[in-house]
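Peer 1: Structure below; questions to follow.
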Amino acid sequence: MPEEYKYHVDEQSLTQGFLLKWIWNPIVRILPARLKPNTITVIGVISMIIGTFFFWLAIHHEMRWGFLLAAFSVFIYMACDNVDGPHARNTKQSSRLGEFLDHWFDSINALLINLCVVSCLFLDGWLLMVCLSLVAISFFATIWEHHHTGVFHSGKIGTNEGLMLVIGLYCAMVFVFKTPFFQYSGPETINFASGMAYFSILVCLITTIKILLRVRSHFLEFIPIVIAVTTAAYLGYQKALPSWLAAAWILASNIPFCARFLLERLSPARLPYRGIAISILSFLGLGIFFIKDYLPCVSMLYFSHFLCFLLAIIMFMDLSKAMFYLGKKS
């Protein structure tokens, strides 16, 4: 690998130019040079976790001010995600570890944000499963393409636009939570909830198809995550798993698959444990198909929690390897 690390991005976002000029660049200019870029990244993640707690208060305890605090938390995360890179370049602190943490935490934050959005819109059924499956697959596709091309492509409707929509939705929920137009009542009923789901499906489908066409020579690498998310989606659709758990599994599938390609591209070290761990996780996950009719619901939940435990182990090992191998190069 070359000694000097450089991050290449093809930015096409409709709003990034405006945001850079009026928000991100002014923030970057006032950041102290001694502040580590990775610290900014971690602050963004902590903000999202706190925001998710506020969102939970708003949903389950009718504390609608929680929506506003959750919206503010998303903005803090959005700001951190946009200023950590420029700050790293300005202070010559760009690193492979920083890139790993940025994208790896993004995959975790995508889990939290999307679960919150579908919760406040009460999305359910096949539309929920299809929507989240395509969200997960399109997110993975961007990391996968970056792995093979060395360039991170951001489309016209990308992360900024999505987060701004989420912030607006959270603010609106203070006034419209549980109102019929904003509450999902079936795929055939066109309202804001179903409309947002259909729009997300369209955008994610277009994004994924474009990426597949650009990196079609590596198509076989794309199959495992498709199997993972469709398995979770099918189990959710068949009610073998509660909708919330199936939704969480669909989105969580991103985390180990994205980490694999991030580590392989950024680190020369081979990580043999991942193949074994992922194989065990995949085998047990697919095994649900064959045992779901013989297990009571409670046992299915325990089995799913065990899979969550395995996923947590893989995440911990990925982060540990990144800190060990990439931290030395930072």
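Heads up, the final residue of the sequence shown is numbered 337 in the numbering used here, and it's a clean run with no missing numbers.
Built from N, CA and C at the ideal position, the CB exists for glycine as well.
May I ask which residues mark the beginning and end of the alpha helix (DSSP H) holding Phe331?
Peer 2: Note, Phe331: premise wrong, no alpha helix (DSSP H); not H, not E.
Peer 1: Mind pulling the alpha helix (DSSP H) runs of 4 or more residues that sit fully within the stretch 182 to 255?
Peer 2: 199 to 221, 230 to 244, all fully within the stretch 182 to 255.
Peer 1: Jot down the residue ranges of each uninterrupted alpha helix (DSSP H) in the stretch 37 to 80, minimum 4 residues, whole runs only, in chain order.
Peer 2: Taking only runs of at least 4 residues, the alpha helix (DSSP H) segments lying wholly in the stretch 37 to 80 are 44 to 68.
Peer 1: What residues are listed by DSSP as bridge partners for Ser161?
Peer 2: Ser161 pairs with Glu18.
Peer 1: Across the stretch 311 to 319 and the stretch 93 to 105, are there enough close Cβ pairs to call them in contact, namely three or more that are closer than 8 Å?
Peer 2: No, because fewer than three Cβ pairs between the stretch 311 to 319 and the stretch 93 to 105 fall closer than 8 Å, the two stretches do not touch.
Peer 1: Going along the chain, which residues of its own chain have a beta-carbon closer than 6 Å to the beta-carbon of Thr153, five neighbours each way excluded?
Peer 2: Per the sequence presented here, residue 153 reads as His, with Thr not at that position. Cβ within range, chain order: Phe159.
Peer 1: Does DSSP put Phe147 in a helix, a strand or coil?
Peer 2: Phe147 falls in the helix class under three-state DSSP.
Peer 1: Hey, Ile150 and Phe268 are a contact pair by Cβ (cut 8 Å); roughly how many whole angstroms apart?
Peer 2: Indeed they touch by this definition, with Cβ atoms about 5 Å apart.
Peer 1: Please report the straight-line C-alpha distance between Gln19 and Val181, rounded to a whole angstrom.
Peer 2: About 32 Å.
Peer 1: Looking at C-beta atoms only, is the number of pairs between the stretch 99 to 112 and the stretch 60 to 70 that lie closer than 8 Å three or more?
Peer 2: With a cut-off of 8 Å, the stretch 60 to 70 and the stretch 99 to 112 do not count as touching, because too few Cβ pairs lie within range.
Peer 1: Flag this pair as touching only if the stretch 122 to 140 and the stretch 247 to 256 have three or more C-beta atom pairs under 8 Å; answer yes or no.
Peer 2: Touching, per the Cβ criterion.
Peer 1: So for Ser126, helix, strand or coil by DSSP?
Peer 2: If DSSP states are grouped into helix, strand and coil, Ser126 belongs with the helices.
Peer 1: Looking at C-alpha atoms only, which residue of Thr215, Val81, Thr196 is the closest neighbour of Asn121?
Peer 2: The shortest C-alpha separation from Asn121 is found at Val81.
Peer 1: Would you kindly work out how many angstroms separate the C-alpha atoms of His155 and Ile230, rounded to a whole number?
Peer 2: Taking the straight line from one Cα to the other gives about 16 Å.
Peer 1: Tell me the residue span of the alpha helix (DSSP H) that contains Ile262.
Peer 2: 261 to 273 is the extent of the alpha helix (DSSP H) around Ile262.
Peer 1: Tell me which residues share the same chain as Pro9 and place their Cβ nearer than 8 Å to its Cβ, disregarding the 5 neighbours each side in the sequence.
Peer 2: Low local confidence applies: a pLDDT of 43 at Pro9 is under 50, so the model's placement there is unreliable, and no value is given.
Peer 1: Secondary structure at Lys28, three-state DSSP: helix, strand or coil?
Peer 2: Lys28: helix per DSSP, three-state reduction.
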